[in-house]
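Numbering (UniProt numbering), first residue to last: 1 to 151.
Every residue gets a Cβ at the ideal spot worked out from N, C-alpha and C, and that includes glycine.
Note that the structure is a prediction, hence the values are computed from the model and not measured.
So the structure is just underneath, and the comments pick up after that.
The following block contains the structure:
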């Protein structure tokens, strides 16, 4: 099962970073490249524990839908969402926030399992893991830019 880890230092308070990451409209803004938008469940505002959201996006030229549920939240330090329906066999995305000097370290841990057994594992090695890593990096960079602008 691939695990993607990313640490991003953001020159903004922990509360600002935590709220930006769980803001549905901000997610849409930071994933505009994939035309990602919330189409069901919580479609506006801040996600909280127990909420579900269905995202629609274009990945690999194909329109896809994925429903995630926030299963754990410890504001403003951590929350975890898991896929309940979508293209992956499964995924868990843990978002952690640590105060560090005059800013915050945002830690993403994304664990996923591809569908289709050995074919899915081959896809991971050939392109999917790199694609998902780049997706997480680009989103983190956009969040960093926005958080630092509003400070």
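Following the DSSP letters along the chain, one finds residue 120 inside the alpha helix (DSSP H) bounded by residues 117-123. Here the C-alpha atom of residue 52 lies approximately 26 Å from the C-alpha atom of residue 130.
Going by beta carbons, residue 16 and residue 147 fall inside the 8 Å limit.
Residue 55 and residue 123 have their C-alpha atoms spaced approximately 22 Å apart. Counting the other Cβ atoms within 10 Å of the Cβ of residue 21 gives 16 or more, which makes it buried. Rounded to whole angstroms, the Cβ separation of residue 107 and residue 7 is 5 Å, and the two are in contact under 8 Å. Look at the region 17-70 and you find these whole runs of beta strand (DSSP E), each 3 residues long or longer: 37-41, 52-59. Residue 103 counts as buried, since no fewer than 16 other beta carbons sit within 10 angstroms of its beta carbon.
Taking a contact as a CB-CB distance under 8 Å, the pair residue 91 and residue 116 does not count as one, their CB atoms being some 15 Å apart.
In the DSSP annotation of this structure, the continuous segment of the beta strand (DSSP E) that includes residue 99 starts and ends at 90-100. The alpha carbon of residue 89 has as its nearest neighbour, out of 112, 74, 99, the alpha carbon of 112. When secondary structure is reduced to three states using DSSP, residue 11 falls in the coil class, being assigned neither helix nor strand. The region 75-82 makes no contact with the region 56-64; the number of CB pairs closer than 8 Å stays below 3. Counted as a single uninterrupted DSSP element, the beta strand (DSSP E) harbouring residue 79 occupies residues 78-85.
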